[in-house]
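Here the structure comes first, spelled out in C-alpha cells, and everything after it is commentary.
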Amino acid sequence: MNEEIDFILDSTKEAMDKAISHLEKELAGIRAGRATPAMLSTIMVNYYGSQTPLSQVANVNTPDARTISIQPWEKNMLQEIEKAIMLANIGFNPMNNGDNIIINVPPLTEERRISLAKQAKAEAEHAKVGVRNARKDANNEIKKVDISDDMKKNAEADVQKLTDDYVKKVDEKYAVKEKEIMTV
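Just so we're aligned, residue 1 is where the sequence shown starts under full-length UniProt numbering, counting upward by one.
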C-alpha cells in the first residue's frame, strides 16, 4: 500500500489502543463484589506538603475478598492516609489499629450493583466514542491523501474493520466487568 496510508492506519490503531487502555483503567476503579487495591488507586495523600498517590506512601493488600489492608511505610502517615480515604468519599470507613489501616468492604446491595453496572456501561460507551472518533479522524486524513479512489475506499474499509474489532473488544471488556459486578 501507500506509506501515508500505513501511517494513518498505525496512528488510528494507536488511538484505539489508548481508548481500550483508558477503559481498562476506568473499569478497574469501579467496585465489584471483591476488594481490590485498585479501589484505592485514585486516593491522593498529603505527603509532606505534596499530593502523592496512596500506592507511593503505603503497601496496599487484600488479605481476603472483603478486606483491604494498608500498611504505611512511615507510621506518622497513618492519620494522613485515613483522612485522605475519608475525603475521597468512596464509601469506606477506615479503621486504624496503630500499625496499619484496615478497610472492611461491605457486600453490595442489588440496587448498588445495578448502579455500578450502569456506570461501567457508560465507561464502555465513552470508549466506543473514542474508537469512533479515531475512525473519523482516520477517514478525514485518508481523504486528504493524493491516491486513487479505489485505494481510498480500501483504506477506509481497513479503518472500518479496525473500528469493528475495537468496538467488539470494548463490548467484551464490559461484559466481563458486568458479570463481575452482578455476581453475588
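All C-beta atoms in this analysis are idealised placements derived from N, C-alpha and C, irrespective of residue type, glycine included.
Item                                                                                                             : Value
4-residue-minimum alpha helix (DSSP H) runs that sit fully inside the segment 74 to 152, ordered along the chain : 78 to 88 and 110 to 144
Host alpha helix (DSSP H) of Met39 (start-end)                                                                   : Segment: none, Met39 is in no alpha helix (DSSP H) and carries neither H nor E.
Coil, strand or helix - Thr67 by DSSP                                                                            : strand
Outcome for Glu80 when other beta-carbon atoms lying within 10 angstroms are tallied against a minimum of 16     : buried
Distance, Pro72 Cα to Val57 Cα                                                                                   : 6 Å
According to DSSP, residues forming a beta bridge with Tyr47                                                     : Ser50
Rounded C-alpha distance that separates Asp17 from Asn97                                                         : 43 Å
Sub-8 Å separation of Thr67 and Asn104 beta-carbons                                                              : yes
Residue range of the alpha helix (DSSP H) that includes Ser11                                                    : Glu3 to Gly29
At least three beta-carbon pairs within less than 8 Å, the segment 1 to 15 to the segment 47 to 57               : no
Beta-ladder partner(s) of Val60, from DSSP                                                                       : Ile70
Inter-stretch contact at 8 Å, needing at least 3 Cβ pairs: the segment 107 to 126 / the segment 147 to 162       : no
Val131 classed as buried or exposed, judged by whether at least 16 other C-beta atoms fall within 10 angstroms   : buried
Backbone CA spacing between Asn133 and Ile142 [nearest angstrom]                                                 : 14 Å
Whole-angstrom distance between Met95 and Leu108, CA atom to CA atom                                             : 20 Å
Proximal residues to Ala84 (C-beta, below 8 Å), its chain only, five neighbours per side dropped                 : Ile43, Met44, Val45, Asn46 and Leu54
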